[in-house]
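> The end of the sequence shown is residue 454 by our numbering, with every number in the run present.
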Amino acid sequence: MLVLKGRGMSMKKRRARGIVSVIMLSCCMLVASCSTIVVPESDDERALPDSPVIEVDEYYDPAQPVIIDIPYQAIAVDEEEHDESDTPALSSPFPGSGLLGSIDVAESTEEVMTIRISLWESGERRAKLEDAFALYESMNPNVDIIAEFIDYPGYWGNISADIGGGRFSDIIEMDSDHISQYSQKSLIVPLSGYITGFSGYGIMLGYSIPVMVFDRAIINGLGITLPEVFTLDALREIGSVVYDKLGIKTATSLGMDLLEALLRWYGKDVYSEILSGDIDYISQYFSIVKEIKSYPFFTSDESESTWNRFVTSADIKDEDGIVQLGNGTVEAEALFSVTTAADYPEQAVALLAWLASSSDLTALFRLSFGYPAYRSISSLTLDWDENKQLMYFEAAADDVQEFLPPAGNSEIALLLHEYSAKVINGMDADEAASQFSAKARDILIRAGGGTEL
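#1: Count the other C-beta atoms from every protein chain shown that fall within 10 angstroms of the C-beta of residue 272, then say buried if there are 16 or more, exposed otherwise.
#2: Can you tell me where the beta strand (DSSP E) holding residue 150 begins and where it ends?
#3: Could you check whether residue 369 and residue 125 sit closer than 8 Å to each other, using their CB atoms as the reference points?
#4: Is it buried or exposed, residue 128, if we count other Cβ atoms within 10 angstroms and call 16 or more buried?
#5: Three-state secondary structure (DSSP) at residue 138?
#6: State buried or exposed for residue 144, treating a residue as buried only when at least 16 other CB atoms are found within 10 Å of its CB.
#7: Among 382, 359, 388, 281, which one has its Cα closest to the Cα of residue 430?
#8: Whole-angstrom Cβ separation of residue 259 and residue 296, contact assumed at under 8 Å?
#9: With which residues is residue 207 paired in a DSSP beta bridge?
#10: Would you check whether the ligand FMN has a heavy atom nearer than 7 Å to the C-beta of residue 154?
#11: Could you give the residue range of the alpha helix (DSSP H) that holds residue 432?
#12: Write down the C-beta distance between residue 171 and residue 117 rounded to the nearest angstrom, noting that I regard them as a contact closer than 8 Å.
#13: What separation, rounded to the nearest whole angstrom, lies between the Cα atoms of residue 371 and residue 384?
#14: Tell me which residues share the same chain as residue 535 and place their Cβ nearer than 8 Å to its Cβ, disregarding the 5 neighbours each side in the sequence.
#15: Do residue 365 and residue 133 have their CB atoms nearer than 8 Å?
#16: Count the other CB atoms within 10 Å of the CB of residue 441; is the residue buried (16 or more) or exposed (fewer)?
#17: So what does DSSP say about residue 368, is it helix, strand or coil?
#18: Report, in whole angstroms, the separation of the C-beta atoms of residue 411 and residue 334, which I expect to be a contact under 8 Å.
#19: From the DSSP output, read off the bridge partner residues of residue 119.
#20: Taking just the CA atoms, how far does residue 433 sit from residue 342?
#21: Please name the residue or residues paired with residue 189 in a DSSP beta bridge.
#22: Mapping the DSSP letters down to three states, classify residue 275 as helix, strand or coil.
#23: For residue 416, collect the residues of the same chain with a Cβ closer than 8 Å to its Cβ; drop the 5 residues on either side in sequence, then sort them by chain order.
#24: With DSSP collapsed to three states, give me the class of residue 378.
#25: Rounding to the nearest angstrom, what Cα-Cα distance links residue 255 and residue 293 in this structure?
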């Protein structure tokens, strides 16, 4: 059985001493011992959210780790009949996708226009963007692009310092946690004045969705039968066996990802619950945190503490066989905004539109930034790995949703982390829920992300 769910991005294959690499969505998925383990399904209300098991055995080589990226629809190709010379790609069927409309750009002059861009991309994606910037400069000799690549953990601190010091870049890489806050504070500009028929404050290069990766050969070799819905009881049972027999620990995200997924499981929304003052589900989240942290097989979040929350199989530590990440929403990949400090906003928008939609970059970018938001990839001949990326989306797309957090979300996420740590260190779950909810409610109201009820 192949199990897919969670969040992943631009992942590469890797085998690490036979360790199972797993990237998870809001629940700890598991591999077990050398004996056969059948985990029964459960009606327990503590079922971990958004964790269906999807069987797509017929598409994959059971001897290989399955690495999935970010497409929307699947191309159902039988591997035995696969012919890489005859593999079409798909245009994005997301609402609002397609090539960007006409762009109002000031007439070109002899003046050299410098565009500063701050971003956190690294590795392969950084290299591809550097190549793209060089190409754009060669096509526009009067444009000089200065790209500042910042490690993600310090990214927003650097941006805040730049704002305070009057060094704000013309373009910044943005995420869904900050875009509402920055737009409300008039730090980024609406793009409707520059792109015909376009609304919003950012241009993305692609989409990502939840993904989870198992090495199916190892799962089958261990004789594991996974349930359709994972519960904490299943987590405890299988995780303990894995640790006892193989010495492999489980790493999981215990922050906003898990809280959002837990609330969605009950048909609720985190921010509505915060504003309502009802702490029941938030208290349940803190109880789950305390319980999971008490498991001897649980390890730290180091494996998910990579740039931009996206873990690749190569980032998973050798000692961590099970890793959770993702909150079940469609996410913008490589999302960029033009700041109010831009000296040449028209040219900055033109650069972003070119990055997002130009056919000049189709072969260079391929699927590196997820499923392209505005660029057709129908001209590409996809290899088998890229086809697997496309196949996954068909199975998973119905289970995800687009979501934009309100202003104040990033501050609330930090507050949740603070109170999760307090609960781990002994604070009562109800007390933590009460204090967290009250402070989070004040943050939402102050930031304009909510109103008093």
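Glycine included, C-beta positions come from ideal geometry on N, C-alpha and C.
On a predicted model such as this, the values are computed, not experimentally measured, just so you know.
Let me lay it out:
#1: buried
#2: 144–150
#3: yes
#4: exposed
#5: helix
#6: Flag for residue 144 reads buried.
#7: 281
#8: The pair is not a contact, with the Cβ atoms about 15 Å apart (cut-off 8 Å).
#9: 334, 373
#10: With respect to the ligand FMN, the structure offers nothing, as it holds no ligand at all.
#11: Element bounds for residue 432: 430–448.
#12: 5 Å
#13: Just so you know, the alpha carbons of residue 371 and residue 384 end up roughly 15 Å apart.
#14: The chain is shown only over 2 to 454; residue 535 falls outside these bounds and no answer can be derived.
#15: yes
#16: Burial call: buried.
#17: coil
#18: About 18 Å separates the two Cβ atoms, so there is no contact after all.
#19: 149, 173
#20: Computed Cα separation, rounded: 40 Å.
#21: 340
#22: Three-state DSSP puts residue 275 in a helix.
#23: 437, 440, 441, 444
#24: In the structure shown, residue 378 adopts coil according to DSSP, grouped into three states.
#25: 9 Å
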